[in-house]
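Report on the following structure.
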Amino acid sequence: MAPALSDILRITSPLLILMLLTFCMGATNLEAQAGGLANDEVEALLEVATQLGKKGWNRNMTLCNVTDTFTVLPPKADADNKVICNCSFPGGVCHVVAIYLKRQDLDGSLPKAIQKLPHLKQLDLWANYLSGNIPPEWADTKLEILSIENNMFSGTVPPELGDLVNLENLTLSANNLSGELPLALANLIRLKELRLSRNNFTGRIPEFIQSWKHLDALEIEAGGFTGPIPSTISLLTSLTELRISNLLGNGSVIPNIDSIAGIKMLSNCNLSGNFPEYLTNKSQLKILDLSFNRLSGPLPPSFEGLKHVQKMYLTWNNFTGPMPDWINTRDSRKKLFCGSSIDLSYNNFTSEPKILADTLKPVECLNAERYSVHINCGGPAAPIGKTTYKADDEPGGAAKYVSKGLDWQKSTTGHFWDVSSLSDSYIAQNKSILRMDNKLYTSASLTPLSLTYYIPCLVNGNYNVKLHFAEIVIRDNRSFYSLGRRVFDVYIQNIVVLKDFDIVKNARGVDKVYIHKCTAPVTNGALEIRLHWAGKGTTKSPNKGTYGPLISAIDVESDFAPPNNGRRKRFIIAGAVVLPLFLIFVLLSSLWWKGYLGGRKSRDRELVGLDLVTGIFTFRQIKTATNDFDAANKLGEGGFGCVYKGVLSDGTQIAVKQLSAKSKQGNREFVNEIGMISALQHPNLVRLYGCCIEGKQLLLVYEYMENNSLAHLLDKGNGGNESRLAYKAEDMGYMAPEYALYGYLTYKADVYSFGVVALEIVSGMNNAKFRRGENFVCLLDWVLYLQKNGDIIEMVDPRLGSAFNKKEVVRMINVALLCTNQSPTLRPTMSTVVSMLEGKTDVEELFMVPSTLSDQSGYVTTLCNKFAEASFSGSSSENKSLVKSFEGPWTASSSSSAQDLYSVHIK
């Protein structure tokens, strides 16, 4: 019997529906692929972005820059933030073929998801903050170009990288990679360009480099490798650029590099032996650098075969014999013989050519005896205080000698690689918008390889040497400063005094001064200071050619007094007459100063003797430091008077408070402020350098604060403009109860201060200005009340709305309450605070001392009241105790607010 139609439909309907759905889904997928990037690669790109830390990508945006052919942008093209897709595949489907994310501030790690992009050929992540290891999963890709230069990668190179058999360009420079290169890299037989410079690799340069027969460029500068250079390098006949420098170990003879054309640089590789004569017949050779080795023997008599050489550096070797005749009979039309293109200095030649007569060497000092020299490196003459720095602004060059006669001689060598400019002054100019005030740091001497100052005609003995440094080229911002690292060595009398020196690290920022002080012996009448770039740091950030030693100024002073010779007798006679007169003058001046001989009538008794407590500045000093109180130097103004920025003659930056004639403050407040600040010693307090009391002039001289204070930042965030000059991390409103009552300055008090600041951040309120009715006298009082009643979330700044993580806010409030515990011993350490805030440690249970358990807010109220009395009331007993505990020569404050003494209003 035939089945009924209903039975057939009942059986076949699910199958038909499934087939229909499959067809529809396939059609939809084909439609999406035909119209753009394949869906799986969209998801892969978003995964790559997450692992890299790339923000802003989402599946609703166009991620691809489409190209219609298989031709991919070359790696040097202007593509800093692009994803290149090729849409010429069958069916019009697009696939990712190149990713360029350069200088994007990415701070993630190398994405394993790269393996999900099967058509990717080029990946360039130059100049980011990426860290971690190179993923072995990348071995499954078809990469042809891989560049991760200028990041913070570490670990070893995975052997799996050898499976990238299509790789033609591999750039790993300027990272922290370590270990030996794996043997598997011998499989990269298509390599044309390999750059491994500025890493921490170990072991020798491997012999298997002979496998890279198509290699066009090999760069290994300061890679960490040990010599010798493998002899198999002679098999790389396709090389046009060879750059190896700063090898470790004992070195070897110079390898055979006869087959290599173009550029040859084997600097500081501990090479020995004679100059290879076959190099004199390399017509295609453009640059030859064999500097800083141990090559010896005479130079070849002729270099006529070098028709296209532009630069040649043979400095710092052991070449001997007479200088070749070709130096004197050179043809000036050839680039080889340009005056700044060849450097043969620091060798052992027995004769010197006329054209190179000017070299660093001893000079005829005659009767000249010098005990000091001051050089403004790269800048004009600059009078700084009592010292005049001599000009050193004559341009340098790739192999340039500059003589200042008996003062000093200077030589520079080397050129900036990868920079097209043929003329460079080798003088760095300050790139900052806000130039540094001191003229010593508006420019500096710069060199790509070696810079030497030779100071002759010094009397033998020990000398105090000051080397002034300030980074004025690399900028202090996220995109450039952290990426650019200037690292070099400094030698004095051929002894290293600074190894792997980084100006920014030592000065703690750009446009900040670091002065290195040391003592150097002079035994042959001369002092030599040499700065040398050993290939470390970075070379392309923020721009190509940004590297090499840089110095702002040099001070050389004998640490012994010059002899008097025949003038001694005259000095004795003159001293016998002048000294008594001088003593009489000092005595009369002292009496006048104290007010016993009239004068200084405007000076009150309260100020007498104050100069014995703190440092004294003359009014003339302060006028000079502030440029006669120039309005441009005005930092702000408060109830006390105006505050000016100034620079003392020694370069010290200061902040000067000037008592205004309109000020309500008087001598008593002036004395109180000096007494308080001079009596307190704490890392978070601004130092009081001294004061000035002349006639009606009352001035305080403080340590200058570059970025004002935390209170300023908080007030600025709330729309205010008030800042504190006296306190770096806290003001009177942030101090712990035990400090306010007893004058104790401890790190536990700093923990208390941090707690109050944390509460201010959460609430958006200023503790010092807190007003919440009569029941609460300070912010902490109110917070404890809310905590006791279970309403702690009420303190959160209402401007946040609901845009915050409640769990994190509650954690921060509880940590802040722990920090403000009445008992210092119960407050956590700052390391524990950080751990609790990061969620690594559970927040400790809030513990109150027994006497305050019944009334949490009551003890704060009491302390706040006592603190207010102790700080602002001149008649309270607590204040008298506070004054007594300082044991300083100052009196209790008047009824005026102490806050006004520390406040200025920023313009």
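Letter by letter, the sequence shown follows residues -26 to -1, 1 to 881 in mature numbering (1 follows the signal peptide of the UniProt record, and there is no 0). C-beta atoms are modelled at their ideal positions from N, C-alpha and C, and glycine is treated no differently. Because the structure is a prediction, the values reported are computed rather than measured.
Look up I628 in the DSSP assignment and say whether it is helix, strand or coil.
The answer is strand: DSSP assigns I628 an E or B state.
Within 10 angstroms of the Cβ of E343, are there 16 or more other Cβ atoms? Answer buried if so, exposed if not.
So E343 ends up on the exposed side.
In chain order, which beta strand (DSSP E) runs of at least 3 residues are fully inside the region 130 to 198?
As far as the region 130 to 198 is concerned, its whole beta strand (DSSP E) runs of at least 3 residues are 143 to 145, 150 to 153, 167 to 169, 191 to 195.
Contact check, G247 vs L273 under 8 Å by CB: the rounded distance?
Wrong, their Cβ atoms sit about 13 Å apart, outside the cutoff.
Going by beta carbon distance, what residues of the same chain come within less than 6 Å of F750, once the five residues before and after it are set aside?
Within the same chain, F750 has close Cβ partners W756.
Below 7 Å CB to CB, which residues in the same chain sit around residue 901 once its five sequence neighbours on both sides are set aside?
Any question about residue 901 goes unanswered here, given that the chain covers just -26 to 881.
Count the other CB atoms, across all protein chains shown, that sit within 10 Å of the CB of I122; report buried if there are 16 or more and exposed otherwise.
By the 10 Å Cβ count, I122 comes out buried.
Over the uninterrupted beta strand (DSSP E) stretch that includes E502, give me the two end residues.
501 to 506 is the extent of the beta strand (DSSP E) around E502.
Quick one: what does DSSP say D755 is sitting in, helix, strand or coil?
D755 falls in the helix class under three-state DSSP.
Cutting at 6 Å between CB atoms, please list the residues of its own chain near F728, excluding the five before and the five after it.
Once the five neighbours on either side are set aside, the close Cβ partners of F728 are C793.
Strictly by DSSP, which residues pair up with I261?
Looking at the DSSP assignment, I261 forms a beta bridge with I237, K285.
Note down the Cα distance separating K514 from L75, rounded to an integer number of angstroms.
Approximately 16 Å between the Cα atoms of the pair.
State whether the region 463 to 471 contacts the region 368 to 386, with contact taken as three or more CB pairs (one from each stretch) at a distance under 8 Å.
Touching, no, given that fewer than three Cβ pairs across the two stretches are closer than 8 Å.
Can you grab the Cα-Cα spacing for the pair S306 / D366, in whole Å?
Because the pLDDT of S306 is 39, which lies under 50, any placement of that residue in the model is unreliable, and the number read from its coordinates should be weighed accordingly. So the two alpha carbons sit approximately 28 Å from each other.
Quick check on DSSP: helix, strand or coil for E215?
Strand at E215.
Based on the DSSP secondary-structure assignment, which residues constitute the bridge partners of D463?
Paired residues: H506.
For V393, I'd like the list of residues in its chain whose CB is within less than 8 Å of its CB, leaving aside the five on either flank, ordered along the chain.
The answer, listed in chain order, is K518, G519.
On the DSSP letters alone, give me the boundaries of the beta strand (DSSP E) that D366 sits inside.
From DSSP, the beta strand (DSSP E) with D366 extends over 361 to 366.
Considering only their Cβ atoms, is the gap separating L80 from G27 smaller than 8 Å?
The answer is yes: Cβ separation under 8 Å.
To the nearest angstrom, how far is the alpha carbon of S276 from that of E251?
Each residue's Cα considered, the two are about 9 Å apart.
For K722, collect the residues of the same chain with a Cβ closer than 6 Å to its Cβ; drop the 5 residues on either side in sequence, then sort them by chain order.
Cβ within range, chain order: P798, R801.
Name the residue from G483, D474, I528 whose alpha carbon lies nearest to the alpha carbon of H490.
Per the Cα distances, I528.
Spatial neighbours of A160 within its chain, please: CB distance less than 6 Å, with the 5 preceding and 5 following residues excluded, ordered by chain position.
Closer than 6 Å at the Cβ level, and outside the excluded window around A160, lie F182, S185.
Would you kindly report the start and end of the unbroken alpha helix (DSSP H) that includes residue 890?
Absent from the model: residue 890. The displayed extent of the chain is -26 to 881, so no value can be given.
Grab me the residues of T36's own chain with a C-beta within less than 7 Å of its C-beta, minus the 5 sequence neighbours each way, in chain order.
Taken in chain order, the list of residues that qualify is empty.
Near G435, what residues of its chain come up, given a Cβ to Cβ distance below 7 Å and the 5 sequence neighbours on each side ignored?
Only V496, S532, F534 meet the Cβ criterion.
Using CA coordinates, which residue listed in D724, V70, C431 is at the minimum distance from V347?
The shortest C-alpha separation from V347 is found at C431.
Opposite L673 in the DSSP bridges: which residues?
Per DSSP, Q632, C666.
Can you tell me where the beta strand (DSSP E) holding I358 begins and where it ends?
Taken as a continuous stretch (DSSP letters only), the beta strand (DSSP E) holding I358 covers 356 to 358.
If I'm right that Y676 touches L662 with Cβ under 8 Å, what's the distance once you round it to whole angstroms?
At roughly 6 Å, the Cβ-Cβ gap stays under 8 Å, so Y676 and L662 are in contact.
Mark L189 as exposed unless 16 or more other C-beta atoms lie within 10 angstroms of its C-beta, in which case mark it buried.
With 16 or more other Cβ atoms within 10 Å, it is buried.
Assuming Q89 and E118 form a contact by the criterion Cβ under 8 Å, report the distance between their Cβ atoms to the nearest whole angstrom.
That pair is no contact at about 15 Å.
Which residues bound the alpha helix (DSSP H) around T36?
Taken as a continuous stretch (DSSP letters only), T36 belongs to no alpha helix (DSSP H), as it is neither H nor E.
Please state the DSSP three-state secondary structure of K378.
In this structure, K378 counts as coil in the three-state DSSP scheme.
Would you mind working out which of V139, Y103, R459 sits nearest I448, comparing C-alpha positions?
That would be R459, whose Cα lies nearest to the Cα of I448.
S315: which of L262, E338, V817, N291 sits nearest, CA to CA?
The shortest C-alpha separation from S315 is found at L262.
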